[in-house]
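Each residue of the sequence shown is one higher than the last, beginning at 1370 in the working numbering. By construction, the Cβ of each residue, glycine as well, lies at the ideal position given by its N, Cα and C atoms.
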Amino acid sequence: MNYLKEINGFMRFLETTELKPTTQALWFHLMDINNGCSWKGWFTVPNSRLYSRLGVSEKTMIEHRKILIEHGRIEYKPKGKSAGSYRIVSLETKASIAPVPDEEPEKPKEEKSTRQEDKPMNPNPFEFYESHFGGTLNPFNADKINQMIDDHGEEKVLEIMKEAVQKDRKSINWVSAVLYRPINKGGKQDAKGNAGRSVSKNEGKSKVTPIFGTGRHRRKA
1370 MNYLKEINGF
1380 MRFLETTELK
1390 PTTQALWFHL
1400 MDINNGCSWK
1410 GWFTVPNSRL
1420 YSRLGVSEKT
1430 MIEHRKILIE
1440 HGRIEYKPKG
1450 KSAGSYRIVS
1460 LETKASIAPV
1470 PDEEPEKPKE
1480 EKSTRQEDKP
1490 MNPNPFEFYE
1500 SHFGGTLNPF
1510 NADKINQMID
1520 DHGEEKVLEI
1530 MKEAVQKDRK
1540 SINWVSAVLY
1550 RPINKGGKQD
1560 AKGNAGRSVS
1570 KNEGKSKVTP
1580 IFGTGRHRRK
1590 A
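Below, the structure written as structure tokens:
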């Protein structure tokens, strides 16, 4: 199982399927645990480990597990009082990804393949990270990248990540600092974007909610 492809597939899946933040978080935690198990087909996880990670009750965790099962993202085998077994349904294959509604009729295969060759695809921020920042994309950095995409857009995040490579500052924290840099007293922002207004002293102290919350950047009044 390819970690990056599964995350990309899950993000595309969320474009057509609405899941609650806790349900999304449960999927990411199961992916992280399975990664630690060297990607076993079936792996065992006690309920206590999952609901403690999520910060919810066992009953709530079970409800969100049912949602993932109903949407075909995981399979689960209970074992009485012992820990149950999980299997993550891969998103690498097209059959496991929900189709985009109202999409244009599929064009003839020859014409479609020719157009794909004429237009090379730009990497998304997740792929760019693994190609240029080095190392495997872990759930923590994946969450931070998704947060930045939600707040600033994929194109803007990719632009700042390219700038980080050019300046040899290949760090997600540096990218985040540039994107969320506060606006100065003159009404201009040190980083690109979100310029044109002044702010109070206290507004510079920002608080970013986690990826599985609202996904928005809030400022104190």
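Check	Outcome
Here's the rule: buried if 16 or more other CB atoms are within 10 angstroms of the residue's CB, otherwise exposed. What is H1433?	buried
Mapping the DSSP letters down to three states, classify P1390 as helix, strand or coil.	helix
Could you check the C-alpha separation between G1424 and S1451 for me, to the nearest Å?	21 Å
Which residues in the same chain have their Cβ closer than 6 Å to the Cβ of L1395, if we skip the five residues on either side of it in sequence?	H1433
Determine the DSSP secondary structure at S1459, reduced to helix, strand or coil.	coil
In terms of residues, what are the limits of the alpha helix (DSSP H) holding V1526?	1523 to 1535
If you compare alpha carbons, which of E1439, N1515, P1494 is closest to E1532?	P1494
Can you name the start and end residues of the alpha helix (DSSP H) that Y1420 belongs to?	1416 to 1423
Count the other CB atoms within 10 Å of the CB of H1521; is the residue buried (16 or more) or exposed (fewer)?	buried
Rounded to a whole number of angstroms, what is the C-alpha to C-alpha distance between R1381 and N1515?	12 Å
Should F1509 go down as buried or exposed, given a rule of 16 or more other Cβ atoms within 10 Å for buried?	exposed
Considering only C-alpha positions, which residue in the set H1501, Y1445, Q1535, L1548 is nearest to E1410?	With the sequence shown as reference, residue 1410 is identified as Gly, and Glu is not the correct amino acid for it. Nearest of H1501, Y1445, Q1535, L1548 to G1410, Cα basis: Y1445.
By alpha-carbon positions, which one of K1525, E1524, H1501 ends up nearest to R1538?	H1501
If I follow the unbroken beta strand (DSSP E) through P1447, where does it start and stop?	1443 to 1448
Determine, using beta carbons only, whether S1426 and E1375 come nearer to each other than 8 Å.	no
Please confirm whether any heavy atom of the ligand ZN lies closer than 7 Å to the CB of N1371.	This structure lacks the ligand ZN, and indeed carries no ligand of any kind.
Which of helix, strand or coil does DSSP assign to S1454?	strand
So L1548 and I1518 are supposed to be a Cβ contact under 8 Å. How far apart are they, rounded?	L1548 to I1518, Cβ: 10 Å. No contact.
Excluding five sequence neighbours on each side, which residues of the same chain lie with their C-beta closer than 7 Å to the C-beta of F1397?	P1508
Quick one, are the C-beta atoms of N1371 and E1439 less than 8 Å apart?	no
With 16 other CB atoms within 10 Å as the buried threshold, where does N1542 fall?	exposed
Whole angstroms are fine: how far does the CA of S1407 sit from the CA of T1392?	23 Å
Nearest-angstrom Cα distance between K1428 and N1416?	10 Å
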